[in-house]
Amino acid sequence: MINNPSESLLVLFFFVFLPMKMVMAQNNTTVPVNVGVILDLDDGVNKMALSCINMSLSDFYAIHGGQYKTRLFLTIRNSKQDVVVAAAAGLDLVKNIEVKAILGPTTSMQSTFVIDMAAKAQVPIISFTASSPSLSFLGSPYFFRATQNDTTQVKAISAIVKAFGWKTVVPVYVNNEFGRGIVPSLIDALTAIDARVPYWSAISPTTTDVEIGEELYKLMTMQTRVFIVHMSPTLGSRLFLIANKLGMMSPGYVWLITDGLANCLSSMNLSVFDSMQGVLGVQPYVPRTKELMSFQTRFKRKFMQDNPDDMVNADLNVYGFWAYDATTALAIAVEKAGTINLGFQKPNVSRNSTDLENLGVSLSGPNLLQALSNSSFKGLSGNFSFVNGQLKSSPYQIINVNGDGVRGIGFWTAENGLIRKLNTLTNSTTSMYSTSNSSLAPIIWPGEVTSISKGWEIPTKGKRLRIGVPANSGYTVFVKVTKDPTTNSSNFEGYCVDVFAAVVSMLPYALPFDYFPFEISENKTYDELVDQVYFGKYDAVVGDVTIRLNRSNYVDFTLPYTESGVSMIVPVKDDKNKNAWAFLKPLTWDLWIACFCFFVYTGFVIWFLEHRINEEFRGPPLYQVGTSFWFSFSTMVFAHRERPLSNLSRFVIVIWCFVVLILTQSYTASLASLLTVQKLQPTVTDVKELIKSSAYIGYPQGSFVLGLVKHLGFDESKLLAFDSPEKLNTLFTKGSGNGGIVAAFDEVPYLKLFLSKHCSKYTTVEPTFKTDGFGFVFPRGSPLVSDVSRAILNVTEAETMKKIEGYWFDKEASCPDSNTFISSNSLGIGSFWGLFLITGGVSVLALLIYLIMFIYEQWDVITSPDSRPLRQRAVALFWNFYNRDSSSYPMIRKQVNDQEVQLTEPSPSTHSVQTEFSGKKYDDQNLNDQQPLQEEISSSPFKST
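Numbering (mature numbering (1 follows the signal peptide of the UniProt record, and there is no 0)), first residue to last: -25 to -1, 1 to 920.
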């Protein structure tokens, strides 16, 4: 217990004054570091962000004040939503205040100049609101983006578009750096999922409500009903208020908002919020931690004290969290960079230099840059770290505006796509990227409906579909356009028009349209008509337009509703077959030559196998050649008399006779057809012969057939165009020498119609060049293509198509059958190469077997140990091959048969002298018969050993 005043003073000194002195001493050792702040303080979001910055410093040094030697001192500048003011503020902070880092600026356009200027002075820039992808292309290492790059959220938006199958999307964005920066990335992301952007709506930030209404009314007249809105909260609020008044928040419409709007929904006016019912949005996901909830409570309390009249801006959003974490990261980095070299190095410049030239270079810049790059901690917004100057990407939450608030319906991550809950992936290592709408919770769409919008519809307001129709096509059965002289209006009819009318009647919705004629001539082709759809003059084309690859690069076609192909039509001739060489026509020249070669080859094979054992194939060389050829060619009529003795030759002859049988039967059938069928003989049967003849041919005017004919090799000077069936008939009648043609190329539907009237005069000749049939033309990505294609299937599979074809084609037909295609009557080698392959293979096999057997028999000659040269042994081997094989079974049998005949029937005119040889008796005549054989062998210059 303290009893005297001196003791009381001593205790007071230790417990009160000494700690105060220590704290004062500690405060005197801290190093102040100037940091600049550039924000649009006239904006509520930026006011909120500045409060978060101050609270971040207060919280940070309250926790780490005793450990950190540095203290950040803020110098705040108001950019007043002006690019020039922001640039001047940045220059002032670096040049006069010599700040070591800058927080801000607010917009991407303001940041562009400040980033370049700060990079020169080596002053890091940390922006938590500038999200334009264009800033990444500046390539400044001193720029740190503490917010998500817009290229990340476009991937989330494209995943939503793909999940619901929307094929056309219209971006609606503010026409400044913030809005334009996202458009290239957004279009690339949508194109990657096969979604088309037919139009993008750029709205000026200073536009009036009337101009916004006019732009929205323009969008109402289009088919697309999916809109992606990317703009500031102020302009976005005005847009949705006007859209709601125009009825564009009704069922069928789809509105997607980017994080620029989605992050600020909590501060929206109640009337604006009511106008945005059913809107989908994406925003960076911020985990709901205890630290975050505690900060929100403290922030509201502090904001109410500092701004009692500004309760709207008391609502925190992710920009405030990023501002808080960016300030924390900067405080940590300044401490890690150290207190050495905190000054600026002044440049050596002249007196008349500009302020930019007078900028110094921060000596602590490189160290601070390195420290910021390595920053990593858990902040209010989640895990906070920089990767190449960009804030590490986080999941996006997909929200749905409904009722009095927003409702989370799912998430998007770069690894897993669309998912219902994030915690479902914590234990999953094999999850796949999902783009299914089943991964999202149920959605309340505009108009308070739950059914998913198709994303497009035929507008009930504005223009009707403009449909181009080819006029003067020549074949009026397909399309006929006539003009009423009294009203000056056009009347459209024909097969194609009736098919389109039947298809439209099958659609589940009304499709208002108007026909417009397009004159087809030498200067205006069908390709130019299709181009009008690509250029936007027509919304579709109905008529006899063929589906082609080069056209499909610019437009979309429906399924074909007619036959396909391009063929050649030629006149027929009354061929009486009086040609003396008509017997050669059944076979082509290559087949005749092949047959002759195989006859000769087969004769050689038979001689090769038979000449050593068969007396009928022996004798003088010319006799052997003649016998071989005679035997081979006589098989053609099966009149060969020579008996084959070798089993190998018998096998070859069996196969060869089968081939000859097929050839002769085919020749007989083809010749009979040529001699009996006279009226269906085309004047030309081969396209190659037609090209070589340099004759004139015809093609339909304005058709793609002209390009096909040129590609085949026809001379363009020999091509004549026709614009009607009557003109085609006239050109054929004149003939090639009198200004006419000998053949024409056209599409199969036209040729069938032409032959239905002239089947006795003309015929089509193969080959038929494959193409698709007629189809209806729509712009690329038009949602009508799939519906119209399905309707075409309904029409073609029903009785409707038969009725339409019967009405237009049956009444024009005057021939019972106009679908006759005539091909070449001559048989080619292509039909028999398999037979030739078989007989040739069998012959080669027989020769190989025979040679192997012969070499085996003559092995002693080949390997003789005597001193004869190799040449003499080869000659001996040849003569052994050429001479008779007396040891073969057929030769022994023949000798025995001849001797038995002589013993049983002796010649009466010959004196019989009995001679005993080897235990048997032979007469003199038999010995005389064998004498020539022995003399022939003895006379050989080389004898077998």
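A virtual CB, placed ideally from N, CA and C, is assigned to each residue, including glycine.
Keep in mind it's a predicted model, so treat the numbers as computed, not measured.
Relative to the C-alpha of residue i, which residue among the options is closest?
i	options	result
residue 691	573, 701, 680, 699	680
residue 921	462, 456, 367	Since the displayed the chain opens at -25 and closes at 920, residue 921 lies outside it and no answer follows.
residue 728	451, 375, 209, 204	451
residue 58	40, 37, 87	87
residue 630	814, 193, 290, 242	814
residue 261	378, 168, 123	123
residue 648	492, 107, 392, 801	801
residue 589	777, 568, 620	620
residue 569	303, 22, 811, 213	811
residue 378	676, 247, 167, 89	247
residue 52	826, 45, 253, 78	78
residue 336	66, 598, 474, 601	66
residue 479	155, 770, 639, 149	770
residue 703	546, 829, 807	546
residue 496	567, 678, 665, 626	678
residue 722	689, 420, 676	676
residue 21	55, 40, 33, 50	55
residue 167	131, 201, 194, 178	131
Using 8 Å for Cβ pairs, my map puts residue i next to residue j. What's the rounded Cβ distance?
i	j	result
residue 160	residue 129	5 Å
residue 746	residue 539	5 Å
residue 105	residue 83	4 Å
residue 19	residue 242	7 Å
residue 70	residue 333	7 Å
residue 822	residue 583	6 Å
residue 674	residue 684	5 Å
residue 146	residue 158	6 Å
residue 295	residue 23	5 Å
Using C-beta distances below 6 Å, list every residue in its chain close to residue i, excluding the 5 sequence neighbours before and after it, in chain order.
i	result
residue 251	215, 376
residue 893	Its pLDDT being 37, under 50, residue 893 is placed unreliably by the model, and the measurement read from it follows with that caveat. The answer is none, since no qualifying residue turns up.
residue 449	698, 699
residue 43	310
residue 306	35, 47
Using C-beta distances below 8 Å, list every residue in its chain close to residue i, excluding the 5 sequence neighbours before and after it, in chain order.
i	result
residue 464	458
residue 565	803, 804
residue 317	6, 8, 75, 338, 339
residue 792	Bear in mind that a pLDDT of 47 at residue 792, under 50, signals an unreliable position, so the number given afterwards is only what the model happens to contain. Correct list, in chain order: 734.
residue 422	224, 225, 226, 227, 228, 253
In its own chain, which residues sit with a C-beta less than 7 Å from the C-beta of residue i, not counting the 5 before and 5 after it?
i	result
residue 635	610, 611
residue 759	753
residue 925	The shown model of the chain, from -25 to 920, leaves out residue 925, and the question about it has no answer.
residue 192	221
residue 659	545, 665, 717, 718, 740
Scan the region 550 to 623 and note each continuous alpha helix (DSSP H) run of 4 residues or more that stays entirely inside, going in chain order.
-> 564 to 585, 596 to 609
Given 8 Å, three or more beta-carbon pairs between the region 209 to 226 and the region 182 to 192 | yes
Which ranges would you report for the alpha helix (DSSP H) in the region 211 to 269 if only whole runs of at least 4 residues count?
-> 234 to 237, 245 to 250
State whether the region 493 to 506 contacts the region 413 to 433, with contact taken as three or more CB pairs (one from each stretch) at a distance under 8 Å.
-> no
Given 8 Å, three or more beta-carbon pairs between the region 746 to 766 and the region 506 to 517 | yes
Minimum length 4: unbroken alpha helix (DSSP H) runs contained in the region 619 to 678 | 622 to 651, 662 to 668
What alpha helix (DSSP H) runs, 4 residues minimum, are completely inside the region 673 to 721?
-> 680 to 687, 700 to 709
Segment contact, 8 Å Cβ cut-off, at least three pairs: the region 335 to 353 with the region 88 to 102 | yes
Any chance you could list the alpha helix (DSSP H) runs of at least 4 consecutive residues sitting entirely within the region 340 to 371, in chain order?
-> 340 to 348
Determine, using beta-carbon pairs with one atom in the region 299 to 318 and one in the region 353 to 362, whether at least three such pairs fall under 8 Å.
-> yes
Could I get the ranges of all uninterrupted beta strand (DSSP E) runs contained in the region 751 to 785, with 3 residues as the minimum, in chain order?
-> 752 to 754
Can you find at least 3 beta carbon pairs, one from the region 266 to 274 and one from the region 306 to 323, that sit closer than 8 Å?
-> no
Would you call the region 378 to 394 and the region 410 to 417 in contact, with 3 or more CB pairs under 8 Å?
-> yes
Residue ranges of each alpha helix (DSSP H) within the region 376 to 428, 4 or longer | none
For the region 119 to 172, which segments carrying the alpha helix (DSSP H) assignment without a break, of at least 4 residues, lie completely within its bounds, in sequence order?
-> 125 to 138, 152 to 155, 158 to 167
Touch test, the region 711 to 722 against the region 666 to 675, Cβ-Cβ under 8 Å, three pairs minimum = yes
Does the region 528 to 547 come within contact of the region 728 to 740, defined as at least 3 CB pairs closer than 8 Å?
-> yes
At least three beta-carbon pairs within less than 8 Å, the region 599 to 608 to the region 573 to 581 | yes
Complete beta strand (DSSP E) runs within the region 470 to 518 (minimum length 3 residues, chain order) = 488 to 494
Sequence ranges, beta strand (DSSP E) only - wholly within the region 26 to 64, length at least 3 | 45 to 53
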